[in-house]
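**Student:**
Protein chains in written order, with the numbering used here: chain A, 11 to 312; chain B, 153 to 409.
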C-alpha cells in the first residue's frame, strides 16, 4: 500500500504535490483539464486587500528552458476572492493554500485578518518574494530582520498555519529561512523566481515592459534544488520546494533534498495536465522502488 | 470545450517568404472551433517551454482537420516550420472567444479587414458569415491566401510597396473603394486595429477586432496577456481583461488600444 500523504503543521495532504502560486489562478481554468481533487493542495494566485492592476504588457517572455514574467500580482482583491474563488475551491476535495501579497505590512495583515477563522483555507502562504512589485514583495524577503518581523506579526494575526515564501535573490538562503522559523513560521516555501532581464537587440529594447521579470522553469531547477537543500538543513520546519518542476523525477529531486511538499509552476503553462502527471509519476516511482511512505524519502540526502 | 489533443501534421507548405501553412488532423478541436479562436501549439524542443498561440485559419469538421497559417516570428515558430508531415504535435484548443457570427443577417454588408499575419483567421470567418462580404486584405508586398477568399465576396488588396492593389494601408483601400459597411470584422497589427476602431467609431458601426498579445498559458490562468478596458472587467475586477479568454476577439468599444 502506497502512502503519499504528508502532514504540515497539522494539516494533512493526500499527496505532496501542489501548484506554485500565480501559475494556476484559483484552479478554475485548469478544472477543464484535470480533477483538482487529485492535488494535495491548490495554492492560489496572490491575493491582496484591494484589487491590483498589475504591470503593463508585455508581461511574459520565453527564455532558454524558462520564462520571465512581470505580471505584477494582478488580482481581484480579497472581497471577490472570498465571494467567488473560495466557494469554487470548496467544491473540491483538496486543501487550499491562499497566497497573500501586499505593499506594506498592514496590507498583508488586512488579508490575513479577513481570512481569520475561514475554514475553507487550510494554510496561508505569505509572498515576501515577488520581484515584480516596487514596494513590499521581495523588499521584505531579502532582509532577515524584516522576514522575522513580518512573520511574527502575521503569525499573531492568523488563525491558519503560515508558510513564508522566500526569494532566491539573496546571498545566503539559510539566513532568511532561519529568520522565518524564528518568527514563528509553520513552514517555508522556496524558491520564488530569480530576477532576470531580456533584451531584444534588433529593437534595442527590453522585452518586458517592466524591464526585469522573474525567471522560472527548468533553467532555475538546479539553483532551486540547492537552495531547498540548504534551507532544509538550516531549519526544523517543513520546506515546500519548487522551481522548474515539470515531471516526477524533478519533484523527487526536491523531496530527496529535503522538501516535504513540492509545487509545479511554469510547467502548468506548457501542459495543463502536468501536475497530475507528476503525482502519477511519484506513485510509479514509489512502486518501482518499493517505497511505502513518501515521508521516508523526504530529506533522504540531507 | 477546450481539449488537449495530439495532432498529426498532414502537410506543411511555405505560402510566402516566412509564412507557412500547416494542415493537421485534429478531430476534437476541429469539431467545435469557431472562426477567430486559436490553439496553443506545443514546441517539440523542450527548451521552448511555452506553447505558441496560433489562430485557426479554417476548421473542417467533416475531415476532422484544422489549417494553421503562421509567420516565423521567433525560434519557436521557426522550429514549427521544420516539422514534416507525419509528425505529431500537442495542441490545446480551441481557445478564446471567436467572432460573433450572429451579429450579421442576410441584409448586412460586412467589411472584413485583415493585415499581414492577421489575415488567416478571417478566411474561416469569411466562409462562415452569411451576408454581403467586402474583404480588404493588406500586405507588405507578397500576397498569400488571397485566392482562398475569392469565393467569399469582393476582394480589395493593399500593399505597402504598391506591388499589388492600392499602394498604402487597408484604410487607404477602404477609402479608395468607398466601402460602406454595416459592421466590421478585423485582425491585424495594432496600428491597423486602432485605425479600424477609429473608423467604426466615426461611422457609428460595430467593429469586432482580434488582438494579439504575448501569452504563457493561453487558458486564462497566468494573466500575461491583458488589454486595458474602459470598464472594470468582471473576472479581473480591474480595468483590464484577458486576451486569451475574454478575447482574442473583442467589440472595439470594450478595449483601449
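Note that CB positions come from ideal geometry on N, CA and C, so glycine has one too.
When the cut-off is 8 angstroms and only beta carbons count, does residue 72/A lie next to chain B?
**Tutor:** At least one CB atom of chain B sits nearer than 8 angstroms to the CB of residue 72/A.
**Student:** So the beta strand (DSSP E) residue 245/B belongs to, where does it begin and stop?
**Tutor:** 240 to 247
**Student:** For chain B, is any of its Cβ atoms less than 8 angstroms away from the one on residue 270/A?
**Tutor:** no
**Student:** Can you find a C-beta in chain B that's less than 8 angstroms from the C-beta of residue 228/A?
**Tutor:** yes
**Student:** Return no unless some Cβ of chain A is closer than 8 angstroms to the Cβ of residue 359/B.
**Tutor:** no
**Student:** Counting only runs that start and end within the stretch 180 to 235 of chain B, where is the beta strand (DSSP E) found for 3 or more residues in a row?
**Tutor:** 190 to 193, 204 to 212 and 217 to 223, all fully within the stretch 180 to 235 of chain B.
**Student:** Classify residue 22/A as buried or exposed, calling it buried when 16 or more other Cβ atoms lie within 10 Å of its own Cβ.
**Tutor:** The residue is exposed, with fewer than 16 neighbouring Cβ atoms inside 10 Å.
**Student:** Can you list the residues of chain B that residue 79/A reaches, using a CB-CB cut of under 8 angstroms?
**Tutor:** 368, 374 and 376
**Student:** Measuring alpha carbon to alpha carbon, tell me which residue in 322/B, 358/B, 334/B and 329/B is nearest residue 343/B.
**Tutor:** 322/B
**Student:** Cutting at 6 angstroms between CB atoms, please list the residues of its own chain near residue 283/A, excluding the five before and the five after it.
**Tutor:** 43 and 44
**Student:** Determine the DSSP secondary structure at residue 372/B, reduced to helix, strand or coil.
**Tutor:** Residue 372/B falls in the coil class under three-state DSSP.
**Student:** Closer than 8 angstroms, CB to CB, is residue 288/A near chain B or not?
**Tutor:** No, residue 288/A lies away from the interface with chain B (no Cβ there is under 8 angstroms from its Cβ).
**Student:** Given residue 183/A, which residues of its chain have a CB within under 6 angstroms of its CB, disregarding the five upstream and five downstream residues?
**Tutor:** 237, 240 and 241
**Student:** Any beta-carbon of chain B closer than 8 angstroms to the one on residue 98/A?
**Tutor:** Chain B contact via Cβ: absent.
**Student:** Report all residues from its chain with a CB closer than 6 angstroms to the CB of residue 367/B; omit the five preceding and five following residues, and keep chain order.
**Tutor:** 205, 376, 377 and 396
**Student:** What does residue 365/B touch in chain A if you count any residue whose Cβ is under 7 angstroms from its own?
**Tutor:** 67
**Student:** Any C-beta of chain A sitting closer than 8 angstroms to the C-beta of residue 282/B?
**Tutor:** Taking Cβ atoms only, chain A never reaches closer than 8 angstroms to residue 282/B, which makes this a no.
**Student:** Which full runs of the beta strand (DSSP E) of 3+ residues lie inside the stretch 68 to 104 of chain A, going along the chain?
**Tutor:** Here the runs fully enclosed are 70 to 73 and 76 to 79.
**Student:** How would you call residue 234/B, buried or exposed, if buried means at least 16 neighbouring beta carbons within 10 angstroms?
**Tutor:** Taking all protein chains in view, the Cβ of residue 234/B is surrounded by fewer than 16 other Cβ atoms within 10 Å, so the residue is classified as exposed.
**Student:** Does any residue of chain B bring its CB to less than 8 angstroms from the CB of residue 90/A?
**Tutor:** At a cut-off of 8 angstroms between beta carbons, residue 90/A contacts chain B.
**Student:** Taking 8 angstroms as the limit between beta carbons, can you name the residues of its chain near residue 209/A, skipping five residues before and five after?
**Tutor:** 215, 216 and 217
**Student:** So which of 226/A, 312/A, 281/A and 152/A has the shortest CA-CA distance to residue 264/A?
**Tutor:** Among 226/A, 312/A, 281/A and 152/A, the Cα nearest to that of residue 264/A belongs to 312/A.
**Student:** Output needed in chain order: residues of the stretch 37 to 58 of chain A with a Cβ under 9 angstroms from some Cβ in chain B.
**Tutor:** Listed in sequence order: 37, 38, 39, 40, 42, 43 and 55.
**Student:** Report the rounded CA-to-CA distance for residue 391/B versus residue 12/A, giving the unit in angstroms.
**Tutor:** C-alpha separation (whole angstroms): 48 angstroms.
**Student:** Check distances from the C-beta atoms of the stretch 259 to 282 of chain B to those of chain A and list, in chain order, the residues that come in under 8 angstroms.
**Tutor:** none
**Student:** Could you give the residue range of the alpha helix (DSSP H) that holds residue 284/A?
**Tutor:** 284 to 298
**Student:** What residues from chain B crowd round residue 280/A, counting only those whose CB sits closer than 8 angstroms?
**Tutor:** 194, 201, 202 and 203
**Student:** Compile a chain-ordered list of the residues in the stretch 233 to 261 of chain B whose CB is closer than 9 angstroms to at least one CB of chain A.
**Tutor:** 242 and 244
**Student:** Which ranges does the beta strand (DSSP E) cover as unbroken runs of at least 3 residues, wholly within the stretch 268 to 321 of chain B, from first to last along the chain?
**Tutor:** 284 to 291 and 306 to 311
**Student:** State the DSSP-derived secondary structure class of residue 173/A, mapped to helix, strand or coil.
**Tutor:** In this structure, residue 173/A counts as strand in the three-state DSSP scheme.
**Student:** Which residues in the same chain as residue 255/B place their Cβ atom closer than 8 angstroms to its Cβ, once the five residues preceding and following it in sequence are excluded?
**Tutor:** 335, 358 and 360
**Student:** Closer than 9 angstroms between beta carbons: that is the criterion. Which residues of the stretch 331 to 359 of chain B meet it against chain A?
**Tutor:** Legend: CB atoms of the stretch 331 to 359 of chain B lying less than 9 angstroms from CB atoms of chain A are not found in any residue.
**Student:** Taking 8 angstroms as the CB-CB cut-off, is residue 63/A touching chain B?
**Tutor:** yes
**Student:** For residue 111/A and residue 176/A, I'd like the C-alpha separation in whole angstroms.
**Tutor:** The C-alpha of residue 176/A is placed about 13 angstroms away from the C-alpha of residue 111/A.
**Student:** Compare the beta carbon distance of residue 285/B and residue 305/B with 8 angstroms and say whether it is the shorter of the two.
**Tutor:** For the pair residue 285/B and residue 305/B, the CB atoms are nearer than the 8 angstroms cut-off.
**Student:** Do residue 233/A and residue 200/A have their C-beta atoms within less than 8 angstroms of each other?
**Tutor:** no
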